[in-house]
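Note sheet for the following structure.
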Amino acid sequence: QVPILRSVTIEQGLVVIDAPHIRGRDLIHYLAQNNIWPESVRRGEEDLEHIFLRLTDKEAGL
725 QVPILRSVTI EQGLVVIDAP HIRGRDLIHY LAQNNIWPES VRRGEEDLEH IFLRLTDKEA
785 GL
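To convert, take the position in the sequence shown, counting from 1, and add 724; that gives my numbering.
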């Protein structure tokens, strides 16, 4: 089963997966089942600017 992802991007040489509703261990398990072995995995934190933009986009109906 494929986890639900919002997006996958590359930022400063790192693969960034936006999947707010998946646990890290579930993502690692999925990757390992597909023979993808990440060197490390960590949960990112949104900065205030991104939170503000996300919230104001929702209010504007975007």
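We put the beta carbon where it would ideally sit given N, CA and C, even for glycine.
So, at 7 Å on beta carbons, what are the nonlocal neighbours of residue i in its own chain, with the 5 sequence-adjacent residues on each side left out?
{"i": "L729", "result": "I741, D742 and A743"}
{"i": "S830", "result": "Limits of the chain in this structure are 725 at one end and 786 at the other, which puts residue 830 out of reach."}
By how many angstroms is the C-alpha of residue j removed from the C-alpha of residue i?
{"i": "I775", "j": "A756", "result": "31 Å"}
{"i": "R767", "j": "G748", "result": "7 Å"}
{"i": "L772", "j": "T780", "result": "12 Å"}
{"i": "W761", "j": "L751", "result": "11 Å"}
{"i": "E770", "j": "I746", "result": "16 Å"}
For residue i, which of the options has the nearest alpha-carbon?
{"i": "V765", "options": "N759, V739, I734 and T733", "result": "V739"}
Below 6 Å CB to CB, which residues in the same chain sit around residue i once its five sequence neighbours on both sides are set aside?
{"i": "T695", "result": "It is not possible to answer for residue 695, since the shown part of the chain is limited to 725 through 786."}
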